[in-house]
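Novice: Just so we're aligned, residue 0 is where the sequence shown starts under numbering that gives the first Met the number 0, counting upward by one.
Don't be surprised by glycine CBs; every beta carbon is placed ideally from N, CA and C.
Please read all numbers here as calculations on a predicted model, not as lab measurements.
Encoded as structure tokens, here's the structure I'll be asking about.
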Amino acid sequence: MNQSIIISDDQRWQAVNQQVEFSAQVMGAKVQCAVRKSTLEHLVGLPLTNDDKMLEAYHSVQFDIEELLEQKLQQEDFESNGNIIV
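What follows is the structure, encoded as structure tokens:
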């Protein structure tokens with residue numbers, strides 16, 4: 000677990016955008032984050048076809064997602080709106 004990134008417990012599946020959205024606290028600042036369905040599928044190693052399983056898949060690889068977020072932060076790879084998407 001990365002202590003410089005604290006992920007909030009507000010994950011929600013956004014079917015329109017095909018991503019799990021959540022917020023994180025990064026060095027005291029709140030940042031909106033998302034993980035794409037394709038990234039989740041890669042991390043869990045399975046195709047995800049049921050929207051109801053997206054949050055379950057997210058939680059099973061949450062620590063891997065934190066590592067990807069950390070990489071994006073180190074590279075200062077933010078979206079134009081300040082969000083981080085992995």
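(1) Mark VAL15 as exposed unless 16 or more other C-beta atoms lie within 10 angstroms of its C-beta, in which case mark it buried.
(2) Check each candidate in VAL30, PHE21, ILE5, VAL60 and name the one with the smallest Cα separation from ASP76.
(3) Do ILE6 and PHE21 have their C-beta atoms within less than 8 Å of each other?
(4) May I have the straight-line CA-CA distance separating VAL43 from LYS36, to the nearest angstrom?
(5) Is it buried or exposed, MET53, if we count other Cβ atoms within 10 angstroms and call 16 or more buried?
(6) Within this structure, are the beta carbons of ASP63 and TRP12 separated by less than 8 Å?
Specialist: Straight from the coordinates:
(1) exposed
(2) VAL30
(3) yes
(4) 11 Å
(5) buried
(6) no
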